[in-house]
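Peer 1:
There are 2 protein chains.
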Amino acid sequence: MNLLNPFYTQVDFKNGTFEPYEKKSKHYLSDLQGFFYFNDSLQEELKKEDRLVYEVYAREVPLEEGHLLHCITKIYPGDVGGEFFMTKGHFHQKIENAELYLCTSGKGLLNMQGVNGESSYIEMTRGVWSYIPPGWAHRTINIDDNTPFVFISVWPADSGYNYDKVLEEGFNKIFVKKANKEGYRIIVGK
Amino acid sequence: MNLLNPFYTQVDFKNGTFEPYEKKSKHYLSDLQGFFYFNDSLQEELKKEDRLVYEVYAREVPLEEGHLLHCITKIYPGDVGGEFFMTKGHFHQKIENAELYLCTSGKGLLNMQGVNGESSYIEMTRGVWSYIPPGWAHRTINIDDNTPFVFISVWPADSGYNYDKVLEEGFNKIFVKKANKEGYRIIVGK
Chain A
26 MNLLNPFYTQ VDFKNGTFEP YEKKSKHYLS DLQGFFYFND SLQEELKKED RLVYEVYARE
86 VPLEEGHLLH CITKIYPGDV GGEFFMTKGH FHQKIENAEL YLCTSGKGLL NMQGVNGESS
146 YIEMTRGVWS YIPPGWAHRT INIDDNTPFV FISVWPADSG YNYDKVLEEG FNKIFVKKAN
206 KEGYRIIVGK
Chain B
26 MNLLNPFYTQ VDFKNGTFEP YEKKSKHYLS DLQGFFYFND SLQEELKKED RLVYEVYARE
86 VPLEEGHLLH CITKIYPGDV GGEFFMTKGH FHQKIENAEL YLCTSGKGLL NMQGVNGESS
146 YIEMTRGVWS YIPPGWAHRT INIDDNTPFV FISVWPADSG YNYDKVLEEG FNKIFVKKAN
206 KEGYRIIVGK
């Protein structure tokens, strides 16, 4: 058996950095076309500025069963017409695969939607480690006005991504800012 | 598709606690019979006191491909004839399965041994996230005299454990205390 050499990454829990990494991706408002519920607000925003919404640092491993992909994600504070900055969200292509999210800094929500239309969410603060069982689409949301929301993820390397179902059907629950105070309220999505 | 409900755990990075959990296991010196290189010292220790070496809090998930087991481990400071307190160490029964260890507090070593006799180790301090590729036995060691070494682990739920090969062959590298100063030195094992 030919072995891959062990390796490690230095994670900064607070700042959401990760060294070394093979992949860094930055996601701007323009990359999230179709994902925000308030699409008109998104188009208005884009006329002003194409803001950075979130960034991801990831390690590369073979995309085979038994290996584990792992990354750190940092979602910046912000909103589009009241809808908080968030990740696109996706199902795994291989629907039998779970995922783990551990918050290391900030305050967010993990919004989940089951293949049969089920809905669930978990509030994420430092030390909250959430299990996304097989069959749940997952999206993360920064609900703090001032601080980035940082979390690390682990998922089986053969999972793949399905963004189409989320784009077509949306999430049942949409989280928006409360007017003039802290916190969030839930509106029914598409 | 019948979905399992999402759930979460509150992790204390510093103290190594984990709430809620389904399994908590405590491992005493007597449970580590056969794993220490200095077996005579272990027997001497046991005549005095059967000290607690490490404890593990874990969540239960179905032991099936696609699911991810996850736990937190706390290794107490201490040694047996100079050999630091450590976990037993094991290979995965399903040798194709990787594992991830993230240190959240303290100072330790991740000692690894490949199926063909390869040897590798990584120093673990807060934020060091180590990848144990398929085919490597893994054991963790607390190299700090005063502070517990705390880390979280993620591995595929269908991995299983093989302790026998470690018991029979031992690890190539054994880590022992430096006399009268901080740090460790390596001696060749069995």
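Residue numbers (this note's numbering), protein chains in the order written: chain A, 26 to 215; chain B, 26 to 215.
Yeah, the Cβ is synthetic: ideal placement off N, Cα and C, and Gly gets one too.
#1: Which residue comes first and which comes last in the beta strand (DSSP E) that contains residue 81 of chain B?
#2: Examine chain B for any beta-carbon lying closer than 8 Å to the beta-carbon of residue 216 of chain A, and answer yes or no.
#3: Can you confirm whether residue 186 of chain B, when its beta carbon is compared against all beta carbons of chain A, has any partner nearer than 8 Å?
#4: Does residue 111 of chain A come within less than 8 Å of chain B when only Cβ atoms are used?
#5: Look up residue 127 of chain A in the DSSP assignment and give the residues it is bridged to.
#6: What's the gap between the Cα of residue 184 of chain A and the Cα of residue 38 of chain A?
#7: Thinking C-alpha only, which one of B/124, B/130 and B/117 is nearest residue 101 of chain B?
#8: For residue 207 of chain A, which three-state DSSP category applies?
#9: Quick one: what's residue 162 of chain B bridged to in DSSP?
#10: Give the residues of chain A in contact with residue 35 of chain B, contact being defined as C-beta atoms less than 7 Å apart.
#11: Taking all protein chains shown into account, decide if residue 210 of chain A is buried (16 or more other Cβ within 10 angstroms of its Cβ) or exposed.
#12: Could you check whether residue 147 of chain B and residue 87 of chain A sit closer than 8 Å to each other, using their CB atoms as the reference points?
#13: Which whole-angstrom value is the C-beta distance of residue 36 of chain B and residue 212 of chain B, which I expect to be below 8 Å?
#14: By the 8 Å beta-carbon criterion, what residues does the stretch 111–127 of chain A contribute toward chain B?
#15: Less than 8 Å between the beta carbons of residue 83 of chain A and residue 124 of chain A, yes or no?
#16: What in chain B is Cβ-close to residue 220 of chain A, meaning under 9 Å?
#17: Round the Cβ separation of residue 187 of chain A and residue 117 of chain A to the nearest angstrom and send it over; I've been treating them as touching at under 8 Å.
#18: In terms of DSSP beta bridges, what is residue 187 of chain A paired with?
#19: What would DSSP say about residue 54 of chain A, mapped onto helix, strand or coil?
#20: Going by alpha carbons, who is nearest to residue 157 of chain A out of B/76, B/190, B/51 and B/91?
#21: Three or more beta-carbon pairs under 8 Å between the stretch 128–143 of chain B and the stretch 162–174 of chain B, yes or no?
#22: Closest by CA to residue 121 of chain A, which one among A/182, A/127, A/57 and A/149?
#23: Anyone know if the C-beta pair for residue 26 of chain A and residue 27 of chain B falls short of 8 Å?
#24: Which residues share a DSSP beta bridge with residue 28 of chain B?
#25: Go through its chain and collect everything with a Cβ distance to residue 50 of chain A's Cβ below 6 Å, but skip five positions before and after it.
#26: Below 8 Å between beta carbons: does that hold for residue 191 of chain A and residue 114 of chain A?
#27: Given a threshold of 16 other Cβ atoms within 10 Å of its Cβ, counted over all protein chains shown, does residue 104 of chain B qualify as buried or as exposed?
#28: Checking contacts by CB at 8 Å: is residue 191 of chain A closer than that to chain B?
#29: At the level of alpha carbons, what is the spacing between residue 167 of chain A and residue 111 of chain A?
#30: When the Cα atoms are used, what is the spatial distance from residue 154 of chain B to residue 179 of chain A?
#31: Would you give the residue range spanned by the beta strand (DSSP E) that residue 198 of chain B belongs to?
#32: Going by DSSP in three states, residue 171 of chain A sits in which element: helix, strand or coil?
#33: Work out the CA separation of residue 71 of chain B and residue 55 of chain B for me, nearest whole Å.
#34: For residue 139 of chain B, go through chain A and note every residue whose CB falls closer than 7 Å to its CB, in chain order.
#35: Anything in chain A within Cβ reach of residue 145 of chain B, meaning under 8 Å, just list it in chain order.
Peer 2: Let me spell this out:
#1: Counted as a single uninterrupted DSSP element, the beta strand (DSSP E) harbouring residue 81 of chain B occupies residues 77–83.
#2: The shown model of chain A, from 26 to 215, leaves out residue 216 of chain A, and the question about it has no answer.
#3: no
#4: The beta carbon of residue 111 of chain A sits no closer than 8 Å to any beta carbon of chain B.
#5: Partner residues in the beta bridge of residue 127 of chain A, as assigned by DSSP, are A/154 and A/177.
#6: Rounded to whole angstroms, residue 184 of chain A to residue 38 of chain A spans 25 Å at the Cα level.
#7: B/130
#8: coil
#9: B/138
#10: 152 and 153
#11: exposed
#12: no
#13: Not really, about 34 Å apart at Cβ, beyond 8 Å.
#14: 119, 120, 121, 122, 123, 124, 125 and 127
#15: no
#16: Nothing in the structure corresponds to residue 220 of chain A, since chain A is present only between 26 and 215.
#17: 7 Å
#18: DSSP output for residue 187 of chain A lists A/116 as bridge partner(s).
#19: helix
#20: B/91
#21: yes
#22: A/182
#23: Their beta carbons are not under 8 Å apart, which means residue 26 of chain A does not touch residue 27 of chain B by this criterion.
#24: None, per the DSSP bridge assignment.
#25: 81
#26: yes
#27: When all chains shown are included, residue 104 of chain B counts as buried.
#28: Residue 191 of chain A has a beta carbon lying at 8 Å or more from every beta carbon in chain B.
#29: Those two C-alpha atoms are separated by around 6 Å.
#30: 11 Å
#31: 198–202
#32: coil
#33: Each residue's alpha carbon lies about 7 Å from the other.
#34: Within chain A, the residues near residue 139 of chain B are 28.
#35: Those within 8 Å of residue 145 of chain B in chain A are 30 and 31.
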